[in-house]
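**Q** Residue numbers (the working numbering): 69 to 158.
What follows is a single structure, and I will ask about it in a moment.
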């Protein structure tokens with residue numbers, strides 16, 4: 069619920085884009101952005117994953133994204149983009 073965010077910092081997809089987060093650049097470079105239905109949630113889940121794990125395995129990436137429904141078939145590019153962002157992050 070909204071009240072649970074009171075007094076906490078909340079990062080949005082716009083916040084990642086404004087800060088030039090490596091995920092935004094990696095998703096663009098890998099052409100992992102398609103219809104827009106799922107991508108915001110996927111990018112935010114990937115950002116949370118990379119914040120907790122700087123070098124996730126493919127299995128860890130799959131687990132982090134398992135709750136997202138993507139019907140575009142860009143899963144391979146999405147995983148590549150997350151791996152690319154992990155390598156680009158300081």
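All C-beta atoms in this analysis are idealised placements derived from N, C-alpha and C, irrespective of residue type, glycine included.
As the structure is a computational prediction, the values presented were derived from the model and not from experiment.
Suppose the cutoff is 7 Å on Cβ atoms and the five residues either side in sequence are ignored; what does the same chain contact list for residue 101 look like?
**A** Start at 1 with the first residue of the chain shown, and residue 101 comes out as number 33. For residue 101, where only same-chain residues beyond five positions count, the Cβ hits under 7 Å are 95, 107.
**Q** With 16 as the cutoff for other CB atoms within 10 Å, does residue 154 come out buried or exposed?
**A** Within the chain shown, residue 154 is the residue found at index 86, counting from 1. Flag for residue 154 reads buried.
**Q** Measure the beta-carbon distance from residue 126 to residue 147 and round it to whole angstroms, keeping in mind my assumption that it falls under 8 Å.
**A** Taking the first residue of the chain shown as 1, we reach residue 126 at position 58. Taking the first residue of the chain shown as 1, we reach residue 147 at position 79. Their Cβ separation, rounded to whole angstroms, is 6 Å, which keeps residue 126 and residue 147 in contact under 8 Å.
**Q** Give me the Cα-Cα distance between residue 72 and residue 109, rounded to the nearest whole angstrom.
**A** Reading the chain shown from its first residue, position 4 is the one you call residue 72. Reading the chain shown from its first residue, position 41 is the one you call residue 109. Distance between the alpha carbons of residue 72 and residue 109 is about 19 Å.
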